[in-house]
Every structure is written in C-alpha cells, then in structure tokens.
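Numbering follows the numbering used here, with no gaps: position 197 of the sequence shown is 237.
Every residue gets a Cβ at the ideal spot worked out from N, C-alpha and C, and that includes glycine.
Every value quoted in this text rests on a predicted model; they were computed, and no experiment measured them.
Read through the structure below, which is laid out as structure tokens, and then see the notes.
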Amino acid sequence: MVASILILLSAIGVIGANSLLLSPLVTAVGADLQVSAAQVMQAASAYGLGVAFAAMLLAPLGDRFGAGRLLRVTLVFLAIGLAASAFAPTLYALIAAQTLCGVAAGAALPSIYTLAVTIAPKGRESQTLGAVLTGWTVSLVLGVSLGAWITDHFGWRAVYISLSVGTALLWLFSTRLRNLGSSGGRATSPLTALKVPGIKRGLLATVLLMLSFYITYFFIGAHVTVDLGLSTTKAGLVPLFYGIGFGLAVLADPILDKIGLERATAPVFLAITLTYVCMIALSGTFYGLLMVAALWGIFQHLGLNLLVARLTALDPSQRGAIMGLYSTATYLCIFAVPALGGLAYANWGLAGCLAVSAFLCLIEMFEAKGLRRPTAMAHAAPDASV
Numbered sequence: 041m042v043a044s045i046l047i048l049l050s051a052i053g054v055i056g057a058n059s060l061l062l063s064p065l066v067t068a069v070g071a072d073l074q075v076s077a078a079q080v081m082q083a084a085s086a087y088g089l090g091v092a093f094a095a096m097l098l099a100p101l102g103d104r105f106g107a108g109r110l111l112r113v114t115l116v117f118l119a120i121g122l123a124a125s126a127f128a129p130t131l132y133a134l135i136a137a138q139t140l141c142g143v144a145a146g147a148a149l150p151s152i153y154t155l156a157v158t159i160a161p162k163g164r165e166s167q168t169l170g171a172v173l174t175g176w177t178v179s180l181v182l183g184v185s186l187g188a189w190i191t192d193h194f195g196w197r198a199v200y201i202s203l204s205v206g207t208a209l210l211w212l213f214s215t216r217l218r219n220l221g222s223s224g225g226r227a228t229s230p231l232t233a234l235k236v237p238g239i240k241r242g243l244l245a246t247v248l249l250m251l252s253f254y255i256t257y258f259f260i261g262a263h264v265t266v267d268l269g270l271s272t273t274k275a276g277l278v279p280l281f282y283g284i285g286f287g288l289a290v291l292a293d294p295i296l297d298k299i300g301l302e303r304a305t306a307p308v309f310l311a312i313t314l315t316y317v318c319m320i321a322l323s324g325t326f327y328g329l330l331m332v333a334a335l336w337g338i339f340q341h342l343g344l345n346l347l348v349a350r351l352t353a354l355d356p357s358q359r360g361a362i363m364g365l366y367s368t369a370t371y372l373c374i375f376a377v378p379a380l381g382g383l384a385y386a387n388w389g390l391a392g393c394l395a396v397s398a399f400l401c402l403i404e405m406f407e408a409k410g411l412r413r414p415t416a417m418a419h420a421a422p423d424a425s426v
C-alpha cells in the first residue's frame, strides 16, 4: 500500500506543479516566445478550462472502466502534453499543450481520489487520503521552488522536460494500480451523479471551501508586496509556510478516523473560520501572517480531507463521476475568484478578502452540523445518505 500511496501522491505532485509553475515562470517563457506576460497566462487559463471539461465529461469513465486504468491512460497524455509544452515553438503551441495537460489532469485527479479511498484499510480512510493529499504540498513546496531553480540554471523548457520524464516514470511504476477502482461496466455521468442523495450539499460544501481559500490565496501576495512594501521573495514565504502546515497536518489525519466524518467536520470548519479572523488581526504584520499561514495549511488540509471523504462515501459505484463534479466545481471557483476577490480587495484590502473567506467557512460550519442526524439514522435506514 505504501508504494501505491507514493505513486498517487507523486501524481498529484506533478499535476499540481504544472498548474502552479507557469506564474513564476511567466517572465522567462514570455521572453523566449516573445510575447507578454498576460499572453503567457492564457496558457494557464486554457489549462483550467481543460481540467473543468475533463472532470465533468471524462472522469465518469473511471466508474465504467476502472479508476486505475483511467489514471494510467491520463498519465500517458499528461506526459505528452508536458513534453509538448517543453518544445512549444510558439504561444499557441504552448496553449494547445497546456490544454492537453488540463484534460489529462481533469480526468486523473478524480481517479487519484477514488484510488486513495479504494486502497485504504478499513478505518484508516482519512489517514490514507491525507497521505495522498500531501502531494499538493510536494507541488507547492518542492515543485515550484525546484522549478524556479531549474529555470535559472537550465531554462524553463528543462522544467517541463523534467515533469514529462517524471510522469512517464509514474506510468511505468503504476502497473499495480491498473485493476483497482470500480470497473463494473456501469455507465455514469454528471447527470447520474447529481441524482445521488447528498451530492448537492456536498458540492455546496466544495464551493464554500474553495471560494474561501482562493479569495484569500490569490490576493495575499499582493498584500505583502503592495500593502506591506516587501519583496516578492518574502511574499513567496507565505505559500511556503502554508504548504508546510498542509503537509504536517497528515500527522493529525488518524484523529479524523477516530472522531468520524460527521463529528469532525463542523469543528474543523470553525477552526478555519477562526484562522481567517486571526489573519485579519495580524494582516499588518508579516511574521504574524507567516505563523498563521502554517495553521491555515493545517486546518485547510483537514477540511479538504473531510470534504473528499464525504463525497467519495456518497456512492462508491459513482466515485469517478462525483469527484469529476468536485473538480469542476473547484475550477469554476478559481475562475470566479478574480472578480469576487478583486472586488473585496479593491474596496477593503486583504482584510476584506479574509472577512469573506471567514463568512463562507462559517456558513459551511453550520451546514456541516446537519451531517450528524442522517448518519445517526443510517443504522435504522440503510439507504439513508448524508
């Protein structure tokens, strides 16, 4: 199981690194392709659209043919897309390559989450899922930092070559996952997944968590550089500390298994809410922000773990379709954040973004309180669902 967890963790790491890398590499890429930074970021937008499209329409294939098989196919296309990015001669070629990467990632991520729950020993689902989720920490802390170093020494194309080679190696080592995951031949789709009891509330929880996170995350760097007048390097320390906290939270995941999804969710979202409130109080102090960023990472990890566990438990036979809806909702939130967060930041600064984030998590805390009653009734009514 450890080898399988490492493969799934690394797959998230590669996908996350690709999604986060273009922003710090934008100057080098633009200079090489002789286009502006804004034009380069069109490739990032194309990647996001590819993820949203594939998560909605391709992820359900994992329910029919098996999540393991779908993951291995997507790793092939991801490796090709990353290689195409490395050798892209023009901006449009880079956009096309990143679109392919997005399609592959959109189908791969739901498969990864499904496989994480599938391989988990009974009673250790949160612990196993939490270990796989640390792949986001790898992408944030190691992937972005190492990518910037490689760019300085070998050029930006070497970064994508490295990611392509790493993805190809993951495909070679993922043979053991080929026959894992649901493969009952059942045809699922976003429409069938939307009929699953509890899915609408689960997607509401997804939107509340993701909007709250990205509204603050997208604008905290601008706060450090513009409002506090510090360097870009120091601004980069905030996501670094967040990533460290996110990774350390894996030590607390076994506690979630002991407490249970229903009892743990509301307190965790209350903790996230209070974290945003603390960040408002400390937003004028850089080192105060760094300390709270680590706590932010810890509680965000726990909240994400509980959210994914909640969704995958709704209907095991439709996990691919359900997680596809989750990924689609996440990327739609990312598209909405520049407008929503930009309005809050323009009028009230980072404190406005933090207040919105705290309010959204507070709503989810109250929504999560309703998880207890249906679960308590599950013993009497086997078909009851959250």
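Simplified DSSP assignment, three categories, for Met319: helix
Measure the C-alpha to C-alpha separation of Gly146 and Ala71 and round it to an integer number of angstroms. 29 Å
How big is the Cα-Cα spacing for Ser50 and Ala137? 21 Å
Determine the closest residue to Phe213 out of Ala391, Phe399, Leu46, with distance taken between C-alpha atoms. Leu46
Inter-residue Cα distance where the pair is Gly410 and Ala361: 24 Å
Here's a check: name, in chain order, each residue in its chain whose Cβ is nearer than 8 Å to the Cβ of Pro294, leaving out the five neighbours to either side. Arg164, Ser166, Gln167
Would you mind giving the Cβ-Cβ distance between Leu180 and Leu60, rounded to the nearest angstrom? I have them listed as a contact below 8 Å. 7 Å
Count the other CB atoms, across all protein chains shown, that sit within 10 Å of the CB of Gly324; report buried if there are 16 or more and exposed otherwise. exposed
State buried or exposed for Thr273, treating a residue as buried only when at least 16 other CB atoms are found within 10 Å of its CB. exposed
Cut-off 8 Å between Cβ atoms - residues of its own chain near Val236, not counting five sequence neighbours on either side: Leu354, Asp355, Gln358, Ile362, Ser425
Answer with buried or exposed for Leu340, where buried requires no fewer than 16 other C-beta atoms within 10 angstroms of its C-beta. Strictly speaking, residue 340 in this sequence is Gln, with Leu absent from that position. Gln340 is buried by the Cβ-count criterion.
Does DSSP classify Ser477 as helix, strand or coil? Shown here, the chain extends from 41 to 426; a query on residue 477 therefore has no answer.
Is it true that the CB of Thr177 sits closer than 9 Å to the CB of Ile55? no
Considering only the alpha carbon of each residue, which of Val377, Met331, Leu365, Ala333 lies closest to Leu347? Leu365
7 Å Cβ shell around Asn345 - same chain, five flanking residues per side excluded: Ser166, Leu169, Gly170, Leu173, Asp293, Leu296
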